[in-house]
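>
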Amino acid sequence: MLIDSHAHVNFNAFKDDGDEVIKKCLDNNVWVVNVGAEIRTSARAVEYANRYNEGVYAIVGLYPLHIKIDDSLSDIVDNEDFHYQEDFNYKNYLDLAKNKKVVAIGEIGLDYHYFKEGDNVELIKKRQAEILIELIRLANEVDKPIVIHCWGVKSRKKFDHARADAYKDLLEILKEPPLRLSGTSPLSTRWRGKDDSYLYFLLIINFGSRQLKLQLALSNPS
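Next up, the structure:
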């Protein structure tokens, strides 16, 4: 049996054939864990999970790029891209997280990769950290693990003034989480040997600096 631990059949791209895709997976002995990125896709992940007795599960959470930073940004847009902005509502996510088919809270974390000139970098960092802490509190309340997304700045030199180090900030917030990491080996070694903590690698290791990412995966055999 195989498990796709980070699927997005709950996204709009699969709105017409999501169940067909899932049934094909189950017929081929592949289980599916759909991961939410905001309240709508999180709710949809739970809906899919509830349709099947076993083999389909959900992870619910608010992806850092979908966090509403200030009132100048609209609450809702029609598509599910990075322009969607949402006010975090603890109760709404708690209601979803209590479902027995929800296996974790995520993906949550910090994302500094898309900082651009004119952004209020310190405010964005502050809001992302605040929501991450709230979602960790929620995970503790329902006694479920967390799945972390963390991505550093694209151009470190451009944003040195903001000291925008997502990985450093993450390590200051977290102690022993299950970690989704897209970074370099020295940081990943900080997590080896942690009880109840795991690294897992998505197919993104095939893109960009592929050799570095493959080395990272091979250096973490657990």
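Start counting at 1 in the sequence shown, then tack on 29, and there's your number in this note's numbering.
Glycine included, C-beta positions come from ideal geometry on N, C-alpha and C.
Quick caveat, the model's predicted, so the values are computed rather than measured.
1. If you draw a straight line from the C-alpha of aspartate 124 to the C-alpha of alanine 195, how long is it?
2. If I follow the unbroken beta strand (DSSP E) through asparagine 118, where does it start and stop?
3. Check this for me: beta carbons of aspartate 263 and valine 62, under 8 angstroms apart or not?
4. Since isoleucine 175 and alanine 168 should fall inside the 8 angstroms C-beta cutoff, what is the C-beta to C-beta distance between them, to a whole number of angstroms?
5. If tyrosine 77 and valine 85 are in contact, beta carbons under 8 angstroms, what's the gap, nearest whole angstrom?
6. For asparagine 121 and isoleucine 68, which I take to be in contact (beta-carbon distance under 8 angstroms), what is that distance rounded to the nearest angstrom?
7. I'd like to check one pair, leucine 164 with leucine 91: are the Cβ atoms closer than 8 angstroms?
8. Distance check for isoleucine 160 and arginine 73, CA to CA, integer angstroms please.
9. Could you name the residues of the same chain whose beta carbon sits closer than 6 angstroms to that of alanine 133, not counting the 5 residues immediately before and after it, in chain order?
10. Whole alpha helix (DSSP H) runs in the region 49–80 with 4 or more residues, listed along the chain?
11. What did DSSP end up calling histidine 37 once you bin it into helix, strand or coil?
12. Distance check for isoleucine 153 and lysine 44, CA to CA, integer angstroms please.
13. Residues in its own chain within less than 6 angstroms of asparagine 58 by CB, not counting five upstream and five downstream?
In short, the structure shows the following:
1. 29 angstroms
2. Following the DSSP letters along the chain, one finds asparagine 118 in no beta strand (DSSP E), marked with neither H nor E.
3. Because the chain is modelled from 30 through 251, residue 263 falls outside the range shown and cannot be assessed.
4. 5 angstroms
5. 6 angstroms
6. Indeed they touch by this definition, with Cβ atoms about 6 angstroms apart.
7. Yes, Cβ-Cβ distance for leucine 91 and leucine 164 is below 8 angstroms.
8. 21 angstroms
9. Answer for alanine 133: Ile88, Lys173, Pro174 and Val176, listed in chain order.
10. Runs of the alpha helix (DSSP H) lying entirely within the region 49–80, each at least 4 residues long, are 68–79 in chain order.
11. Histidine 37: coil per DSSP, three-state reduction.
12. Those two C-alpha atoms are separated by around 31 angstroms.
13. Met30
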